[in-house]
Structure formats: C-alpha cells, structure tokens
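Order-wise, the sequence lines are chains A and B.
When you line the first sequence up against this note's numbering, it's residues 1 to 414, in that order.
When you line the second sequence up against this note's numbering, it's residues 1001 to 1188, in that order.
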Amino acid sequence: MLIIILKIVVLTFCVVLPLVPVAVFFERRFCAVIQDRVGPNRVGIPLTLFGFKKDCSIFGIGGLIQPVADGIKLFLKEDFTPQHVRKVFYWLAPALTLAPALITACVIPFGTDVTLFGHTEKLVIADIDIGPLFIFSIASLTVYGIAIAGWASNSKFPFLGGVRSTAQMISYEIALGLSLIPVLLYFGELNLSAIVQQQADHGWLLLPLWGHDAAHPLTEKLLFWFPAAVSFLIFTVSIFAETNRMPFDFPECETELVGGYHTEYSSMKFAMFFMGEYAAMVIGSALIVTVFLGGWSLGFGTDAWIAKLNIAGFGVGGLLHLGIFLAKVLAFILFFILVRWTIPRFRYDQLMKLGWVIFFEAALVNVFLAALIVAAPHLQGAIIAVGALLLIAVTAAIIWVARVSEIKPQILRA
Amino acid sequence: MAVIKLQRPKLGPGEAIYLTALAKGFFLTLSHAVKSLLGKSMGAKDLASSGLGVTMQYPEQTWDDHLPEYYRGAPALVTDEQGRERCVSCQLCEFICPPKAIRIIPAEIPSDDPWAKVEKRPAAFDIDMLRCIYCGMCEEVCPEQAIFLRKDYVITGLNRKEMVHHKDKLYQIGGVRTGLVNKWNELK
C-alpha cells in the first residue's frame, strides 16, 4: 500500500508532472528557433533577491525557470468567474481535463525493476493486463472536461469549441482504437510492461533488427513492419487529434473561436486546461514510444545488461531505463512541436473526412493485413498474396466510393 | 476585362496522398531550425544577430553602431567652443513644441558677465521626456542652433520627476558643438 502511494507520488508527481513545464519550455524555445527568434532565455533563480552576488541559471541554460515564473504568474492572477456561467460545471471542467491525463500515467512502464535495500519494485504504478484499453477509456474522459467547459461558459465561442471537440473525438477514437489492434495481435498481449519487454528482447516494432529466434523469425518481423508502420501513422495522427495539438486544434483555434473552450477562464483554472493539454501530450508521446518505439529499451540487445546494472547493491538499471524512456518521450514531444510549425490547421470537414473515410477504413484493412501475416506464417506465399489482392480490391472500392460520394463543388458564377 | 479562368495545378499521385509533402515540409522546417540555431538565418548578418535566429539580444548588444546620422533621440542643449551656453532663451522651441514638453524660465545675464552682450540665457530649461515625441521641431526652429536631438534613446526613470531632464542633464547629454553659429564670438 505504502509502496503504491510512493510510486504514485514519485512517478506521477515527480516524473510526469515536471515533464509538463519541461514540454512548455521546449515548446517555447523550439518554436522560437524555428521562427528565427531566441525565446525565453533569461529567467534563472533570482539569488540576488536573497543577497547573493549573481543570479543562477541551471546548467548554464537560461530560461529553464521560465515555466515556474509562468506558474507563479498564473497563480497570482485574478481568478475571475463571470456572472453568466453555470458555476458548478464551470469549476468542475478544468479538473476533468487535467485528471484523466494524469490517471493514464499509471499504466505506462517507465523502466525495468529498481532494487533498493533488497526490495525489487517495478517502475510502473499499476501493472494491469489491459494497459491500452485502460488508457483509451480514461483518455476519452478528457473530452467531457472540454465539452462541459464549453457548455458551462454559457457563451458562444466556448460552446462551439466544446461541440467541435466532441465531434472530433468521435471521429478519431475509432481509428485510434482500430490502429492499435494489429500491434496487440502481434504481441498477443495487452500488458504494456510485457509489450515493452518483448520489444527489448526481439526488436522494436518499427526497428526489428535484433533478437531473432525460432518464435520470432526475421522474415515475419520484416513482413509485419508494413502494417506496423501504417498503424504507427494512424495512431500518431489520432493522438495529435486526441491531444488537440496543432493540425487539429479545433476546440481552441484562436483565429476562429477567440480562445475556444477556455475563453471564459482565467488564472489557475486556465492553467489547469493548459497543463491538461500538455500532460495529454506527454502521455500521448509516452504511449506511442511504449507501443511502437520500444519504451524504455535502448535496443540492440543492451537491455538485459542495463537491467542488471548494479551500484553498491542498488539495482539502478531501472533508473537508466527511465532516463532512456524520458529522452525518447522528449524527442517525440519535439516532433509534436515540429509538426505544429509545419502543417497548417485542417478545415473542419477535412478532419471529419480524414477520420471517417480514410483512417477508419485504412485501420480496418490494416487489421486484416496484420491478421494474415500473424496467423499464416507457414502458408506465407499463397495466403498472403491472395489476402493482399483482396485488400487492394477492397481499398480501391472504398476509394472509388469516397470519390463518387464526394459532392462536386458548384460553380457559383458563370 | 476578359475573365481568365485559372486552372488549379493537378496533383500527382505522390502529392495527392500527402505523405511526401509532409516529409518535405518536416525537412524544410527542421533545416530552417538548424540554420536558425547556427545563426545563419536569412538577414542575420544585416540585423547584427546574437547568433540565435535574427535576434539582437538587447542589453548586451546594442544597435548604437547602426544608428543612422538622422536618428532623432533625446533632445539636448549644447555649448559652444568657449563654453558659452548657446541657448538665448528666445522660447521659440517652447512655443513650437507640439506636446508642450519644454519649459524655459529666461533670465538676464548680469552686466559683469563676459557674455553680457548676449543679454539672456535660461535660468531653467526642463524637457519632460514623458511628453517629448522626438519630432525634432525644437531643433529645426532654434535660431541659435542650441538644441539638438542626440542619439541617446535609453531614457529611464523610476518616477515622473526623474523623467524630467533639467538644464544640467541636458548640457551633459549635449556636450560641446563647434563651428556653427559664430555671431557672438569676439573675432567676428
């Protein structure tokens, strides 16, 4: 019991939550670099306030304290509740946005075992056998926070934001769930720790280059690479939609909806929406890294050695794996930011079409393709060829239907 | 005007599935970011950047070397080569000043002063820098070429009082200017 509480405190509040300000800092600096600016590079610890001679900046990188300064600013701002809002839901919504994002952290495997004082402990809060399902079910609750915020604000722009968020969620949840099925078929496992362990032993899903044996032949792994890549693509795009990140940030697009669902919010309530968004981004990248990119494993057969790493009786291999995992997550967050500055925002109907017409079908086809490869390794040639032909026919039919059903733009003036 | 119908360019199969365009876009953004990190952004040299993007980081680096000759900074009073205050308190600048930032209290020069023949000089010359709009009208209107807009632009203060430049401060900014109006010199 005590250990579970300790794990919750350490992993959620000392690992995931600090990643949020780090992600904000990365976002601001990397955005600045992309736009030929400098970004926040001045904020340090103001030691001069306490009579020291010089201010201190951590690691010699200025601005690392910027998120703290932002947080203090948000705490000290006036927490204004407009007269026209529905108070209970208005107060409830920010919590409903932040909490699910943090709850999902409990099934993410952060690393291998850590041994302290002869006691071995897994670096995962809840090692349950329904990892991805748990994440999907809890992460879907985030939309309630946004929808309730939009409704409770009792004002048109937040309302539009909330409605958009709901519609977007429906369009993407299906593709999100379906795209993960091939992966689960391949691993035959729903426990995220076991999935990562398998990837560490037999090669990452998208980099299957080591650990071949009779049960995991290289040909099958390479054959599975194609459905895995399609899954990765659909899953990543869906995660972008799920976290309301840039190409799909309809619920809060500034150009159309003022601030979207958080227009009427200020101070710490706004900050909770903000944190929830970034926490969702952190958890989203953690999930992608866990499922597709090997989680905490360094790869190339080094993981067994790292896991046994031992300093003075303390098994620190897990901590090293934790560091590798965080590095991967941060790299993926950088990718999130790169996408933000590369791809312009989609139009609303384009998003719907992408979700319902393209990704839903592609994910379905992908499930069958993956099933063929997983189920018939001994019949390889024939069945796979026939299956692939069938799949191509189905895909072509879907594309044809989509084309025909598309409304041709009418010329309004001659 | 004849109506010209523009044909939208037909997308190739590679562009239609969007993925190659995405990859191209990522590459473009990333290479731009790398360039920015190395301080090789377009225009970084002309803008005297600090080596990160095109930004000049202000308190450490300043724009002083790049200020043009005609830059209009803080207005200041000048003395001539003999150390005489050029201002004769004609108050033309005070009257022309659009935001009424200048206030002059004229005073007579006592008869035992070597410059008694100039007759007047300011007893007080205040420019309220909170009002000044740096239009340069005072400089233009001055018949004695006694007031100039200098290149100083860092004008700060903790309260309104500090933002008023008094006479001594104005002379300190202005310094000496030689060889302009020589009508009061003994030689002429």
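Every residue gets a Cβ at the ideal spot worked out from N, C-alpha and C, and that includes glycine.
Within chain B, the residues that residue i reaches when beta carbons sit closer than 7 angstroms
| i | result |
| --- | --- |
| residue 36 of chain A | 1036, 1041, 1053, 1054 |
Nearest residue (CA-CA) to residue i, options the options
| i | options | result |
| --- | --- | --- |
| residue 340 of chain A | B:1030, B:1008, B:1011, B:1018 | B:1030 |
| residue 279 of chain A | A:387, A:327, A:17, A:342 | A:17 |
| residue 324 of chain A | A:37, A:343, A:299, A:336 | A:299 |
| residue 267 of chain A | A:135, A:94, A:395 | A:94 |
| residue 25 of chain A | A:6, A:70, A:10 | A:70 |
| residue 239 of chain A | A:192, A:255, A:289 | A:289 |
| residue 187 of chain A | A:107, A:173, A:204 | A:204 |
| residue 182 of chain A | A:370, A:394, A:403, A:399 | A:370 |
| residue 85 of chain A | A:113, A:286, A:158, A:216 | A:158 |
| residue 47 of chain A | A:34, A:32, A:41, A:65 | A:65 |
| residue 1069 of chain B | B:1024, B:1156, B:1151 | B:1151 |
| residue 306 of chain A | A:200, A:258, A:223, A:39 | A:200 |
| residue 62 of chain A | A:355, A:50, A:44, A:4 | A:44 |
| residue 356 of chain A | A:87, A:347, A:168, A:344 | A:168 |
| residue 123 of chain A | A:335, A:165, A:5 | A:5 |
Contacts that residue i makes with chain A (C-beta to C-beta distance below 8 angstroms)
| i | result |
| --- | --- |
| residue 1048 of chain B | Here the premise fails: no neighbours, minimum Cβ distance about 14 angstroms. |
Residue range of the alpha helix (DSSP H) that includes residue i
| i | result |
| --- | --- |
| residue 196 of chain A | 192 to 202 |
| residue 70 of chain A | 66 to 76 |
| residue 1065 of chain B | Residue 1065 of chain B -> no alpha helix (DSSP H), and no H or E assigned at all. |
| residue 331 of chain A | 317 to 340 |
| residue 149 of chain A | 142 to 152 |
| residue 1033 of chain B | 1019 to 1037 |
| residue 21 of chain A | 17 to 34 |
| residue 228 of chain A | 218 to 242 |
| residue 184 of chain A | 156 to 187 |
| residue 6 of chain A | 2 to 7 |
| residue 1076 of chain B | Counting along the chain, residue 1076 of chain B falls outside any alpha helix (DSSP H), though it belongs to the beta strand (DSSP E) covering 1075 to 1077. |
| residue 307 of chain A | 303 to 307 |
| residue 360 of chain A | 360 to 375 |
| residue 348 of chain A | 348 to 353 |
| residue 1141 of chain B | 1137 to 1141 |
Partners in chain B for residue i, counting only beta-carbon separations shorter than 9 angstroms
| i | result |
| --- | --- |
| residue 32 of chain A | 1036, 1052, 1053, 1055 |
Local conformation of residue i per DSSP, three classes
| i | result |
| --- | --- |
| residue 1123 of chain B | strand |
| residue 951 of chain B | For chain B, the structure presents residues 1001 to 1188; residue 951 of chain B sits outside this window and is missing. |
| residue 1088 of chain B | coil |
| residue 1003 of chain B | coil |
| residue 122 of chain A | strand |
| residue 283 of chain A | helix |
| residue 94 of chain A | helix |
| residue 132 of chain A | helix |
| residue 1164 of chain B | strand |
| residue 1173 of chain B | helix |
| residue 399 of chain A | helix |
| residue 264 of chain A | coil |
| residue 45 of chain A | strand |
| residue 1069 of chain B | coil |
| residue 1015 of chain B | helix |
| residue 256 of chain A | helix |
| residue 1107 of chain B | strand |
| residue 356 of chain A | helix |
| residue 1097 of chain B | coil |
Boundaries of the beta strand (DSSP E) in which residue i is found, first to last residue
| i | result |
| --- | --- |
| residue 1148 of chain B | 1147 to 1149 |
| residue 293 of chain A | Unbroken run through residue 293 of chain A: none, as it is neither H nor E. |
| residue 208 of chain A | Taken as a continuous stretch (DSSP letters only), residue 208 of chain A belongs to no beta strand (DSSP E), as it is neither H nor E. |
| residue 113 of chain A | 111 to 116 |
| residue 1130 of chain B | Per DSSP, residue 1130 of chain B belongs to no beta strand (DSSP E) and is neither H nor E. |
Listed by chain order, chain A residues near residue i by CB distance under 7 angstroms
| i | result |
| --- | --- |
| residue 1029 of chain B | 34, 338, 341, 342 |
| residue 1032 of chain B | 34 |
Cutoff 8 angstroms: residue i Cβ touching any chain A Cβ
| i | result |
| --- | --- |
| residue 1022 of chain B | yes |
| residue 1025 of chain B | yes |
Proximity test, residue i beta-carbon vs the ligand ADP heavy atom, cut-off 7 angstroms
| i | result |
| --- | --- |
| residue 106 of chain A | Because no ligand of any kind appears in the structure shown, any question about the ligand ADP cannot be addressed here. |
Output needed in chain order: residues of the stretch 314 to 347 of chain A with a Cβ under 8 angstroms from some Cβ in chain D. Checking the listed chains, one finds no chain D in this structure; the protein chains it contains are A and B.
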